[in-house]
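Novice: Residue numbers (this note's numbering), protein chains in the order written: chain A, 1 to 109; chain B, 1001 to 1109.
Every residue gets a Cβ at the ideal spot worked out from N, C-alpha and C, and that includes glycine.
Here it is, the structure in full.
There are 2 protein chains.
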Amino acid sequence: MGLTKTEMFTDLQNEIALFAKVLGHPARVAILQHLFKIEGCICGDLVDEIGLAQPTISQHLKELKLLGLIKGNVEGTSVCYCIDKENWTNMKRVMLQFLDQDIDNKNCC
Amino acid sequence: MGLTKTEMFTDLQNEIALFAKVLGHPARVAILQHLFKIEGCICGDLVDEIGLAQPTISQHLKELKLLGLIKGNVEGTSVCYCIDKENWTNMKRVMLQFLDQDIDNKNCC
DNA sequence: TTAGTTCATTGCAATATTACAATTAAGTTC
DNA sequence: GAACTTAATTGTAATATTGCAATGAACTAA
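Structure follows, in structure tokens:
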């Protein structure tokens, strides 16, 4: 069906999955890496940098913005995108708490 | 098109995206959390625990297994699934390196 | 005002994902 | 063997995602 049954899961499980999902495309990973590298960015740069068409980049930026990981300020004809530091840190905290589990494997395998 | 153009991205970017993608569904997050909690598991438990149908759970387990995050041992009629510690640690390392970036935001916003 | 620039939006096609009923496969128990 | 249990596989339907051409919106420059 392509439709995730979010109502069966906890808020935290859904939150983790949403964050992970938006990171689950190499173009969005590349965009974020680039924004970290240059600390502030114009979308035109990204189209050249990444190699996908402008509408495609624009759409990926939209998804990142929707989750709050980046924010954009209009500046003349351009739009300046950058990492939303506070939301990034929050996302990082949620993901680290999930990822940084350790296990004994004493019962199995 | 639904088809990711992986060839435009680095191996690392694709690897990060693949790991993130498999974590991008709450059922798989829930499965992993459960495996961590009980340290060794039978799939039947998961169907009851999570509430999706058996084939759906089986399919999610398959994806987790494909990425190597879990492994399954046949044990009689049941299959014992558990976290693949080594691969989990590797995934964690890759993701932490990506997530744990800091930024100054001195140029923008 | 006209032309140019930059980015968002719309519309569409192709592929991917999610979910499950039905079935199969492989083992156990009697 | 027959009946039962557990989990994988197959087939199918519905929705989501990805990508881009075409277009639109907003600003700038001449």
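(1) Taking Ile-1070(B) as part of the beta strand (DSSP E), name the residues at either end of that continuous run.
(2) Any C-beta of chain B sitting closer than 8 Å to the C-beta of Ile-16(A)?
(3) Comparing alpha-carbon positions, which option in Leu-1099(B), Ala-1017(B), Leu-1012(B) and Glu-1075(B) lies nearest Gly-1040(B)?
(4) With DSSP run on the structure shown, which of helix, strand or coil describes Ile-1083(B)?
(5) Is the CB-CB distance between Ile-114(A) and Ala-27(A) below 8 Å?
(6) For Ala-20(A), does the count of other Cβ atoms within 10 angstroms reach 16, so buried, or fall short, so exposed?
(7) So if I threshold CB-CB distances at 9 Å, which residues from the stretch 18-34 of chain A count as touching chain B?
(8) Does Met-1095(B) get closer than 8 Å to chain A when you measure Cβ to Cβ?
(9) Is there a Cβ from chain A that is less than 8 Å from the Cβ of Lys-1065(B)?
(10) Please work out which residues of its chain come closer than 6 Å, Cβ to Cβ, to Leu-1067(B), disregarding the five sequence neighbours upstream and downstream, and give them in chain order.
(11) How about Leu-1061(B) and Leu-1032(B): are their beta carbons less than 8 Å apart?
(12) I need the straight-line Cα distance from Pro-1055(B) to Trp-1088(B), nearest angstrom please.
(13) Does the CB of Lys-62(A) have a neighbour CB from chain B at under 8 Å?
(14) Considering just the uninterrupted stretch of the alpha helix (DSSP H) at Leu-12(A), what are its terminal residues?
(15) In three-state DSSP terms, what is Ile-103(A)?
(16) Considering Cα atoms alone, identify which of Lys-37(A), Val-94(A) and Ala-53(A) is closest to Glu-15(A).
(17) Between Thr-1010(B), Lys-1005(B) and His-1025(B), which has its C-alpha nearest Met-8(A)'s C-alpha?
(18) List the endpoints of the continuous alpha helix (DSSP H) containing His-1034(B).
Specialist: Considering the structure as presented:
(1) For Ile-1070(B), the enclosing beta strand (DSSP E) has its first and last residue at 1070-1075.
(2) Cβ-Cβ to chain B under 8 Å: yes for Ile-16(A).
(3) The option with the nearest alpha carbon to Gly-1040(B) is Glu-1075(B).
(4) In the three-state reduction of the DSSP assignment, Ile-1083(B) falls in the strand class.
(5) Only positions 1 to 109 of chain A appear in the structure, and residue 114(A) is not among them; the question remains open.
(6) So Ala-20(A) ends up on the buried side.
(7) Look at the stretch 18-34 of chain A: the residues with a C-beta under 9 Å from a C-beta of chain B are Leu-18, Phe-19, Ala-20, Lys-21, Val-22, Leu-23, Gly-24, His-25, Pro-26, Ala-27, Arg-28, Val-29, Ala-30, Leu-32 and Gln-33.
(8) Taking CB atoms only, Met-1095(B) has a neighbour in chain A less than 8 Å away.
(9) Lys-1065(B) does not count as touching chain A.
(10) By the criterion of a C-beta distance shorter than 6 Å, Leu-1067(B) is surrounded in its chain by Val-1022, once the five residues flanking it on both sides are discounted.
(11) Cβ distance not < 8 Å, so Leu-1061(B) and Leu-1032(B) don't count as in contact.
(12) One C-alpha to the other measures close to 24 Å.
(13) No, no contact with chain B.
(14) For Leu-12(A), the enclosing alpha helix (DSSP H) begins and ends at 11-22.
(15) Correct three-state label for Ile-103(A): coil.
(16) When the alpha-carbon of Glu-15(A) is set against those of Lys-37(A), Val-94(A) and Ala-53(A), the nearest one is in Val-94(A).
(17) With distances taken between Cα atoms, Met-8(A) lies closest to His-1025(B).
(18) Unbroken alpha helix (DSSP H) run through His-1034(B): 1026-1038.
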